[in-house]
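Participant: I am attaching a structure below and will ask some questions about it afterwards.
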Amino acid sequence: MRLRFSAPLQILFLVGLSLAIASGSVHRVTAATPETAPAELRTAIAQIDAAANRRNIQEVLKFYSPSFTHSDGLNRQTLEQSLTQLWKQYPTLTYKTELQSWEPSPNGFQAVTVTRITGTQTRDGQQVRLDATLRSRQQFQNQAIVRQEILSEKNQITTGEKPPSVKVNLPDQVRTGQEFSFDAIVQEPLENDLLLGAVVQEPVNSAGYLKPATADLDVLNSGGLFKIGKAPSTAGSQWVSAVLVRHGGMTMVTQRLSVIAGGGSTRPAPR
């Protein structure tokens, strides 16, 4: 069985709303806690969340520099295209961003944030729910975001009245060429249900945000997926997705895997 879907990691960057403030009064030289953040920063977070919740693309883009770059290869134009498409697909998305840490930098500051997104869409008469969490680092200069780096990312898409509850085990980071374990375990008893599943591993890049992906589903003999993957020979990031389908629903969970330069290994990475 072949399943066509919009891979969640292809919309994941979009959950990473950022913020911008003036930093002329900041004198700290090390990462500071959220409690010490200036009022302007906390206000900016709320303003960007509010603009995204209204799906006001032009208001959101005011916080991004014309020279904006992203660790996944996005720029300001492709960001606008991706957000517009995401909001068309999920017209009820809700954004909530929290500041984890911040510190001054030349002509501005760096801020690490965690953004959580929830929302639904209707597809073929069924409700599809998105739950996503993105942790990212933003570089601000002259009150605009000039650079964004994704630190970690996880999202889940579910459909149907009884989608499987899935627990994923995946390392955050592996070396180039290294093997790693990937488990996606269904938490509730299957009883007499037939379970279908597939694993999709794709490189993270800007082209992936707007294209659909496909997965060939296999009948599973156990209550989940248990696979050994292998990191590519070049450093970067990978999207690793598990698709699980049972009577009553489907769950797709995607996580980002960071691949760093280093010697290869034939042993799975530790969990």
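Once you know that position 150 of the sequence shown is 150 in this note's numbering, the rest is easy, because the numbers rise by one and skip nothing.
The beta-carbon is built from N, C-alpha and C at its ideal position, and this holds for glycine as well.
Since D246 is in the beta strand (DSSP E), which residue starts that stretch and which ends it?
Facilitator: The sequence shown places Arg at residue 246, not Asp. Its beta strand (DSSP E) spans residues G236 to R246.
Participant: May I have a chain-ordered list of the alpha helix (DSSP H) segments no shorter than 4 residues that lie completely inside the region 55-79?
Facilitator: Taking only runs of at least 4 residues, the alpha helix (DSSP H) segments lying wholly in the region 55-79 are 57-61.
Participant: So, helix, strand or coil for S23, using DSSP?
Facilitator: Confidence at S23 is low in this model, with a pLDDT of 37, below 50, so the placement of that residue should be treated as unreliable; the coordinate-derived value is given next. Correct three-state label for S23: coil.
Participant: S165 by DSSP, collapsed to three states: which one?
Facilitator: Note: S165 maps to coil in three-state DSSP.
Participant: With a cut-off of 8 angstroms, do at least 3 Cβ pairs link the region 100-107 to the region 120-130?
Facilitator: Cβ pair count under 8 angstroms is below three, so no.
Participant: Hey, which unbroken runs of the beta strand (DSSP E) at 3 residues or more fall wholly within the region 120-162?
Facilitator: Entirely contained in the region 120-162, the beta strand (DSSP E) runs reaching 3 residues are, in chain order, 126-141 and 144-159.
Participant: Please confirm if the region 213-225 is in contact with the region 135-150, defined as three or more CB-CB distances below 8 angstroms between the two stretches.
Facilitator: No: the two stretches stay apart, fewer than three of their Cβ pairs being nearer than 8 angstroms.
Participant: I'd like the list of long-range same chain contacts for V253, defined as Cβ closer than 6 angstroms, with 5 residues on each side in sequence excluded.
Facilitator: Closer than 6 angstroms at Cβ, skipping near neighbours: Q156, V166, V168 and A242.
Participant: Is T43 helix, strand or coil when you go by DSSP?
Facilitator: If DSSP states are grouped into helix, strand and coil, T43 belongs with the helices.
Participant: Taking the CB atoms as reference points, tell me whether G197 and V245 lie closer together than 8 angstroms.
Facilitator: Yes, the pair counts as a contact, with Cβ atoms nearer than the cut-off.
Participant: Within a Cβ cutoff of 6 angstroms, which residues of the same chain sit near W87, ignoring the five residues on either side of it in sequence?
Facilitator: Cβ within range, chain order: R55.
Participant: Below 8 angstroms, can you find three or more Cβ-Cβ pairs linking the region 73-87 to the region 33-41?
Facilitator: Because the criterion of three Cβ pairs below 8 angstroms is not met, the region 73-87 and the region 33-41 do not touch.
Participant: Return the CA-CA distance between G16 and T97, expressed in angstroms with no decimal places.
Facilitator: For G16, the pLDDT reaches just 44, beneath the cut-off of 50, and the residue's location in the model is therefore unreliable, although a value from the coordinates is still provided. Rounded to whole angstroms, G16 to T97 spans 8 angstroms at the Cα level.
Participant: Which partner residues of S233 appear in the DSSP bridge assignment?
Facilitator: BP columns for S233 are empty, so no partner.
Participant: By how many angstroms is the C-alpha of V219 removed from the C-alpha of V240?
Facilitator: Computed Cα separation, rounded: 19 angstroms.
Participant: Could you say which of Y95, E188 and A111 lies nearest to R147 if we only look at CA atoms?
Facilitator: Closest by alpha carbon: A111.
Participant: List the whole-angstrom C-beta distance separating N142 from G108, where the pair is believed to meet the contact cut-off of C-beta under 8 angstroms.
Facilitator: Between G108 and N142 the Cβ distance is about 7 angstroms, and since that is below 8 angstroms, they are a contact.
Participant: Going along the chain, which residues of its own chain have a beta-carbon closer than 6 angstroms to the beta-carbon of R129, five neighbours each way excluded?
Facilitator: Excluding residues within five positions, the ones whose Cβ falls inside 6 angstroms are T120 and T158.
Participant: Which same chain residues end up closer than 7 angstroms to A261 when comparing Cβ atoms and leaving out the 5 residues on each side of it in sequence?
Facilitator: Result list for A261: T176 and A235, in chain order.
Participant: Please classify D172 as buried or exposed, where buried requires at least 16 other C-beta atoms within 10 Å of its C-beta.
Facilitator: Classification of D172: exposed, given that the 10 Å Cβ count is below 16.
Participant: Using the Cα positions of I150 and A144, report the straight-line distance between them to the nearest angstrom.
Facilitator: Taking the straight line from one Cα to the other gives about 18 angstroms.
Participant: On the DSSP bridge list, what partners appear for K227?
Facilitator: Answer by DSSP bridge pairing, in chain order: F182.
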